[in-house]
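Working notes for the structure below.
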Amino acid sequence: MSGWVKIAGLGPGSEELVTSQVSAVLAEATDVVGYIPYVARVAERPGLTLHASDNRVEIDRSQHALQMAAEGKRVVVVSSGDPGVFAMAAAVFEALENGPPEWRDIPIDVLPGITAMLAASARAGAPLGHDFCAINLSDNLKPWSLIEKRLRLAAQGDFAMAFYNPRSKSRPEGFVKTLEILREECEPERLILFARAVSRPDEAIRISTLAEATPDMADMQTVVIVGSSLTRVIERNAAPIVYTPRFTEAGDQG
């Protein structure tokens, strides 16, 4: 079979953060499949067909990519950030598992990218420098009760937390509830980083505390990072640095 599928991460926004591996497969591709704003980041060229589709049709787009590869095309499925983090890699494999048996012979590779949470963490310092978890706050594919359970357990476990899709126009109440849960489980001084449009021209980084945080500080272009109880700020003349130490008081400091 001459066709293949590469599931590629385009990083958080800046072209400088697209890996050379991803750039190389885009140069080889006959077809690129993805959500409209992500496909728009791929330069047009002769011999390349761009297939942009709307949000919430991940399985349809995955099936399309696999079918084209089965027909001998070289297909790149694009995501922002990393394709394995709340993105297209899982959707492609879901389509593969439930698709025709012959699709399982298609060569498929996942090409990592720089995630929004890691780009945001790097901009601020190292708030994810110790144990952390990532939670998608969208309840499109899972019930809010499960999100709440995971939020409470992560807070009780004293993880730093990275939140994807915190607040949209169609579901603004989710982040309101998130802050309420965090205030029940964490101290008011807990640090919160709001990182919007990281690596893009309109990037905005804001450091707050749980007591000061308000829902309107986040939108769908924002990654929210909540520190653990040990996360701290280094104040300086330049931008402050937020980091979480690599050890706890009772842990190994080596």
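The letter at position 209 of the sequence shown is residue 209 when you use the UniProt record's numbering, and the numbering goes up by one with no holes. Beta carbons are placed, not taken as given, at the ideal position from N, Cα and C, and that holds for glycine.
Residue i and residue j closer than 9 Å at C-beta
i           : j           : result
residue 246 : residue 191 : no
residue 96  : residue 66  : yes
residue 176 : residue 215 : yes
residue 39  : residue 33  : yes
residue 119 : residue 244 : no
residue 139 : residue 171 : yes
residue 86  : residue 134 : yes
residue 227 : residue 107 : no
residue 166 : residue 193 : no
residue 50  : residue 113 : no
residue 209 : residue 230 : no
residue 90  : residue 84  : yes
Whole-Å CB distance - residue i paired with residue j, under 8 Å assumed
i           : j           : result
residue 88  : residue 36  : About 14 Å; that fails the 8 Å criterion.
residue 242 : residue 127 : 5 Å
residue 195 : residue 205 : 5 Å
residue 162 : residue 225 : 5 Å
residue 223 : residue 68  : Actually they are not in contact, since the Cβ atoms of residue 223 and residue 68 sit about 32 Å apart, beyond 8 Å.
residue 213 : residue 179 : 6 Å
residue 168 : residue 220 : 5 Å
Local Cβ density within 10 Å of residue i, reported as buried at 16 or more and exposed below that
i           : result
residue 234 : exposed
residue 217 : buried
residue 47  : exposed
residue 115 : buried
residue 252 : Interpretation of residue 252 is limited by its pLDDT of 49, a score under 50 that renders its predicted location unreliable; the figure taken from the coordinates is listed afterwards. Result: exposed.
residue 15  : exposed
residue 258 : Absent from the model: residue 258. The displayed extent of the chain is 1 to 254, so no value can be given.
residue 141 : exposed
residue 238 : exposed
residue 29  : buried
Beta strand (DSSP E) segments (min. 3 residues) lying fully within the stretch 34-83: 49-53, 74-79
Would you check if the stretch 73-87 and the stretch 3-22 touch, i.e. whether three or more CB-CB distances between them fall below 8 Å? yes
Inter-stretch contact at 8 Å, needing at least 3 Cβ pairs: the stretch 52-61 / the stretch 69-76: The stretch 52-61 vs the stretch 69-76: no contact.
Sequence ranges, alpha helix (DSSP H) only - wholly within the stretch 158-186, length at least 4: 173-185
For the stretch 150-157 against the stretch 174-189, do three or more pairs of beta-carbon atoms, one drawn from each stretch, fall closer than 8 Å, so that the two count as touching? yes
To test your reading of the DSSP string, which unbroken beta strand (DSSP E) runs of 3 or more residues are found completely within the stretch 122-155? 132-136
Write down every uninterrupted run of the alpha helix (DSSP H) in the stretch 2-29 whose length is 4 residues or greater and which is fully enclosed by it, in chain order. 20-28
Beta strand (DSSP E) runs contained entirely in the stretch 92-127, provided each spans 3 or more residues: 108-111
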